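Going by this note's numbering, the sequence shown opens with residue 149, and the numbers climb by one from there.
All C-beta atoms, glycine included, are put in the ideal place defined by N, C-alpha and C.
Remember, predicted model here, so these are calculated numbers, not experimental data.
Just below is one structure, and these are the notes that go with it.
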Amino acid sequence: MANTIDWNDFDSHQQPGAAEALDAAGVETGTDGWVEAMPLTVVRKVDVDARLVAEGLGLPPQDVPAMVADRRIATLCERGTGEDAGLYRFTFWFGHKRFRLTTDAAGHPLPGR
């Protein structure tokens, strides 16, 4: 689908400098009941509607999938644990803008989270 981001981001967490860049940006991960990367033994695919990301970052929806693919939009996917098990928290950065979205395992956004 043109307006869907095909999500399986374990590799993006392993890119050289990713941890340092998140630290420098003041991004806290893994400290509030969320695991910042899915284990290699777990393969999951969560589709996120690119229109939501576009709206959150103020970008044209048709540009978002390519911008995520070539990493002009930086991404982080966290898997919920404990009472948040089965949920995913996605964070997208473009320039100085940040958009965070929590979804169920099917990629449906959860309001107010």
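For the pair L200 and K245, the CB atoms are not nearer than the 8 Å cut-off. Closest in alpha carbon position to F238, among T229, R248, D232, V216, is R248. Exposed is the label assigned to D252, since fewer than 16 other Cβ atoms lie within 10 Å of its Cβ. The criterion of a C-beta distance shorter than 8 Å is satisfied by V212 and A202.
By the C-beta density criterion, D197 is buried, having at least 16 other C-beta atoms within 10 angstroms.
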